[in-house]
Structure formats: structure tokens, C-alpha cells
Amino acid sequence: MAWRDRLAAAPGAIRAFILKHWLPLCFLVATLIALTAPAPGKAVASVVVLGNVHLFQTINIIIVFLISGLVLRTEDIKQALVCWPSGLFGAVSILGLTPCLGFALRELPLTPPEFAVGLTIFSAVPTTLGVGEALVRASKGNAALALLLLVGTNALGIATMPPWLKLLLSSVDGLNVTVDALQLFYKLLVTVLAPACVGKAARELVLPVGRFATKFKLQLGMFSTVQLALIIWQTLSGAQSVLVSKSFLDIFICICAAIIMHAVYLICNFTATLFALRLPLREAIAASIMASQKSAPVAVAVISYLTSDVTQQGLLAVPCIVGQLAQIFMGAAFAPHLACLVTRGDKLAALAAPALEPPDVEAGPADGSGGGKDACGGSGKNADGGSSDVPPKAGAESEADGGVDSGTHELQLAEPPAGAEPGAAAEGGGAAAAAAAAVAESTGFEPQAAKGQLAAPCQLGRASASVPYRRVESKCAAVFLGKTN
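Residues 0 to 484 (numbering that gives the first Met the number 0) are what the sequence shown spells out, left to right.
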């Protein structure tokens, strides 16, 4: 490509890069401005009303959740409800299991001690507002399930966060942090749940608002990210003088602790979904990623309700912001590998239907007279000499039932139909076993072999269509692995 062509294509490439990395770019810009020119942010953060409510931070939080309600589609939630077992695990992990790590995090000997307390608060908040869903999409997971977990856990989180924080922070000494669970619940109800409900109601009841939210969903999402960056800007500006006085080693240890925290969540959640619960791959990816994410903006909002000291707010918020950035960059690293795994499973499932052929079975009287046709074509004669209707071709039945969907790569071995020759059954079963071995080799997960029919679960992994028993050619496994054309 000539340099003129590269120059002409540069604006589009820059725009694509900015759109793809909008959230981390906003976070980094807000952090740099807060650390280099803290005066404006500190002045804005110091505006307090009603005793201890930081006015502009509260407005930013309300706008974020108002937009989340505006862009929420009811159809997506209905679609995700089909995956309720995966959603149930995700919700329990986000709200009930992952906060347990806070008991260990609060004991970390970090300097200053606010870093350990900040990580503890971070462990008790719900999943991210947009990062997790974006990572699930990039990993080719179930995006509808990710959205359900995002909305559901942030709504339920207003009830679970106050008792968790009271339990986790009750034994923390030397810090001016008090947890009034009831007051915290009311504040979260007003600033988190109420705006989201208002946004959703406006979308459903006011048609122009719904059309606007649908048309400008991308722009609304970017504006919401700007609000999150403004919260970080105000919070870090208040603690700038303390942060710059800390050694790089203290900051580095805090960063490492946040990375390890996220890694522990990922390992535990993926182990539970893939090996303990054996969820379909797309659902396992969505549930595990969302259950391993924590929301820095919600944590910062909670911190602003726990203490009115601007400097202490900034110190408590640092590990939350670092943790959010760690989640983004770690997710960006492993998402392509998960997407590749899903793609290989999709290819395997898509090739399974046309690659499997039915066995040739002759139907006729015991003495060999009467020329019956094969089991999948036309009509033949039965033992009494009469005609019999033959069911349609197996492929047609598969299409009618939904076919082999790309939502999962589970492969279950079937038994031959009545009347199939034993030799054909043995041949088909052996080749099917080879295909099953191909699944395990190409995806890294052992397919679920069970007595019955070749199951083709739907994209969400719950409903399933069935494909009758077919003969598998011996080269099928090699095709699935991409070894032959």
C-alpha cells in the first residue's frame, strides 16, 4: 500500500482504535489530568449538599444508570432468561461468593492501609456496567446472559452491598470509615436503581425516547463512559498530594494485588462453570467473565457515601480504579483465545450435520423377496407386501427442529434406529467416537457422551433439537480438525 493510501486510511483506523478502547483511554486521561492538575477536580469534588452528598459525583452516577436503563432492551432480557441456571450461578457468584475474598484482602499489609480497604470494598460491589459485556462479546460468549447479569446484579446489589460492607469493614481499625447499612441502601436506591428504572420506563412508554436510545446507543454508551471518567477524575484529584508522595513500590504492590484478585476470580469461576457445572461453552464464558468483574464506578460511589474526607476517598478509590484497568487489559489478552475456542466449536457443530450420512438399511421380508428401498428414500414394501410411508430425510427433520446451532459444541452419541444392520451401527459408532475425540482435541474439552440422540442445543444452550443417527465417514474427524479440505 502506498504512503498516500496509508495516510488516507489513517483517520478511519484512528477512529476505530478510539472506539474500541474508549473506556481505558477515558480512564487513563482522567488519571493523568487528576495527577498533573488536581486543583479543578478537587474543587468540583468538594461541593457537598445535604450533609455528605457530593453533588457532581452523584449527578454523574445518576446519568450512568439512567443511560443503562435507556439502552436496555426487553427482548435481550427475555432471551437471556432461557439460560436461567447459568444466570443463577453468575448472580450467586457475583453477590454471594466473590465478596468472601474480602476477608483475605482486608488483611493485606499494604501501605497505606486504605489500599487494602479499597480492595475489600471493591470485592463487595456488583459486576461492571459495560466492560464485562464488551469482553463477553469479544470472547463470543452469550451476550444476552451477560446483559442479564449486569442488570440483575446491579439492581440486587443495592440490597447486598450494605450488609457485606458492614461485615467486612467492622474489624478495620484506624480508619474513619463507618458503614450505616440502612442509609447506604437508601442512597444506592436513589442513585442506582431509581435512575435505571426511570430510563427503562421512558424507553418503553415514550416512543421518541425509545427510538432515540436505539439510534444513538453507541453515542449514549460513550457519554456514559465519560461520566465514569469524570467520577475518577474528581476522586483521584482529591488524593493527588498523598498519591504522589507514595513510593512506586507501594503503588506497584497495590497493582499486583488487584491483578491477583482478578486472576483468582477467573480461575475459580471458570473451574466451576466448565468442570463442576459443565455449562455450555458460550454460557460458561459469559457467567465466568461477568462473575469475575467488579465495578469501579459503583465502588467509588459507595466510597463517597462511607467517608466525607476527600483525600481518604481518593486513597480508597485507587485500588478500585487499578482493579478495573487490570480487568480490561487482562480480558483483552484472553478474549481472542476464548473466541478462537468458540469458533472451532461452532465449525465443528456446523460441519456435523452435512458430514454425517444415514446408514443403508434394506427393508424386506425375511426370505429376501420384495425389493425395499433404503431407509431415507421413497417408499418400500413391508413384510406383508403392502406399501409403507417412509419418513422424510434426516436432514429435513434436523432443519425443522432447528438444526445444529453454533451456541455450543456438545456432541452426544446416539444409538442406531430399529432395523439398522449391526455392522453399520458398529461402523457409525466407531466413526462417531472418532468425531467425539476430534471435539476433545480441537476444543480442549471432552464432549458429553450420553445414551440417546445426537443433541444440537440451541444458541442459549437449553432447548435442543435432535438429529437422527447417521453414519460418520472416517475422515470426518480430520475435516473437523482442519487437516483436510
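Idealized CB from N, CA, C, for every residue including glycine.
If you're wondering where the values come from, they're calculated on a predicted model, not measured in any experiment.
**OP:** Taking only runs that begin and end inside the region 249-274, name each unbroken alpha helix (DSSP H) of 4 or more residues, in chain order.
**Re:** none
Subject >> Exposure label - G418; buried when at least 16 CB within 10 Å >> reply: In this prediction, G418 has a pLDDT of 48, which is less than 50 and means its spatial position is unreliable; nothing more can be read from the coordinates.
Subject >> Coarse secondary structure for A419, derived from DSSP in three states >> reply: At A419, the pLDDT of 48 sits below 50, so the modelled position is not reliable; the number obtained from the coordinates is stated separately. Of the three classes helix, strand and coil, the one that applies to A419 here is coil, per DSSP.
Original post:
Helix, strand or coil: how does DSSP classify V28 here?
Top reply: helix
Original post:
Alpha carbon to alpha carbon, what distance is there between G140 and L340?
Top reply: 11 Å
Original post:
Are G322 and F64 closer than 8 Å when you measure CB to CB?
Top reply: no
Original post:
By how many angstroms is the C-alpha of L206 removed from the C-alpha of Q263?
Top reply: Here residue 263 turns out to be Val, not Gln, going by the sequence shown. Whole-angstrom Cα-Cα distance: 45 Å.
Original post:
Sorted by chain position, which residues of the same chain lie with C-beta nearer than 7 Å to S233's C-beta, five sequence neighbours on each side aside?
Top reply: It should be noted that the sequence gives Gln, not Ser, for residue 233. Around Q233: G40, V43, A44, F55 and Q56.
Subject >> Rounded Cβ spacing between A212 and L69 (contact assumed at less than 8 Å) >> reply: Indeed, because the Cβ distance is near 4 Å, the residues count as touching under 8 Å.
**OP:** Please look up how many angstroms separate the CB atoms of V116 and L168, rounded, as I've assumed it's under 8 Å.
**Re:** 7 Å
**OP:** Report the option in S287, V297, L248 and A180 whose CA atom is closest to the CA atom of C319.
**Re:** V297
Original post:
Helix, strand or coil: how does DSSP classify V47 here?
Top reply: strand
**OP:** Name the residue from A331, T159, V197 and A295 whose alpha carbon lies nearest to the alpha carbon of L315.
**Re:** A295
Original post:
Between G89 and A79, is the Cβ-Cβ spacing less than 8 Å?
Top reply: no
**OP:** Could you say which of L324, F274, W163 and F184 lies nearest to G95 if we only look at CA atoms?
**Re:** The shortest Cα separation from G95 among L324, F274, W163 and F184 belongs to W163.
Original post:
I think K293 touches T127, with their Cβ atoms under 8 Å apart; what is that distance to the nearest whole Å?
Top reply: Your pair K293 and T127 checks out as a contact, with CB atoms roughly 7 Å apart and the cut at 8 Å.
Original post:
Exposed or buried, which one is T342 when buried takes at least 16 other CB atoms within 10 Å?
Top reply: exposed
**OP:** Could you check what DSSP says for H53 in three-state terms: helix, strand or coil?
**Re:** strand
Original post:
Do you know whose CA, among N59, A133 and P111, lies nearest L18's CA?
Top reply: A133
Original post:
Can the beta-carbon of N51 be found closer than 8 Å to that of S307?
Top reply: In this structure, S307 lies closer than 8 Å to N51 by Cβ.
Original post:
Just how far apart, CA to CA, sit I13 and C25?
Top reply: 15 Å
**OP:** Report the three-state DSSP secondary structure of Q292 (helix, strand or coil).
**Re:** coil
Original post:
According to the Cβ coordinates, are I230 and L148 closer than 8 Å?
Top reply: no
Original post:
Taking C-alpha atoms, which residue in G198, P161, L276 and L188 lies nearest to A180?
Top reply: Between A180 and the set G198, P161, L276 and L188, the nearest pair of CA atoms involves P161.
Original post:
When burial is assigned at 16 or more other CB atoms within 10 Å of the CB, is E420 buried or exposed?
Top reply: Bear in mind that a pLDDT of 48 at E420, under 50, signals an unreliable position, so the number given afterwards is only what the model happens to contain. Looking at its Cβ environment, which holds fewer than 16 other Cβ atoms inside 10 Å, E420 is exposed.
**OP:** Express the C-alpha separation of L248 and T73 in angstroms, rounding to a whole number.
**Re:** 48 Å
Original post:
Distance, Cα to Cα, A300 vs L183?
Top reply: Each residue's alpha carbon lies about 10 Å from the other.
Subject >> Classification of H20 by the beta-carbon crowding that lies within 10 angstroms, buried from 16 upward >> reply: exposed
Original post:
Looking only at its own chain, which residues have a Cβ that is under 6 Å from the Cβ of L187, when we skip the five neighbours before and after it?
Top reply: In the same chain as L187, and ignoring 5 residues on each side of it, the C-beta atoms closer than 6 Å to its own belong to I157, in chain order.
Original post:
So, using beta-carbon positions, are A291 and T272 closer together than 8 Å?
Top reply: In the sequence as displayed, the identity of residue 291 is Ser instead of Ala. Not closer than 8 Å, so no.
Subject >> Pairwise C-alpha distance: I66 and G220 >> reply: 7 Å
**OP:** Output the residue ranges of the alpha helix (DSSP H) runs that lie fully inside the region 81-129 and measure 4 residues or longer, sorted by chain position.
**Re:** 83-91, 101-104 and 113-123
**OP:** May I have the straight-line CA-CA distance separating A145 from I302, to the nearest angstrom?
**Re:** 26 Å
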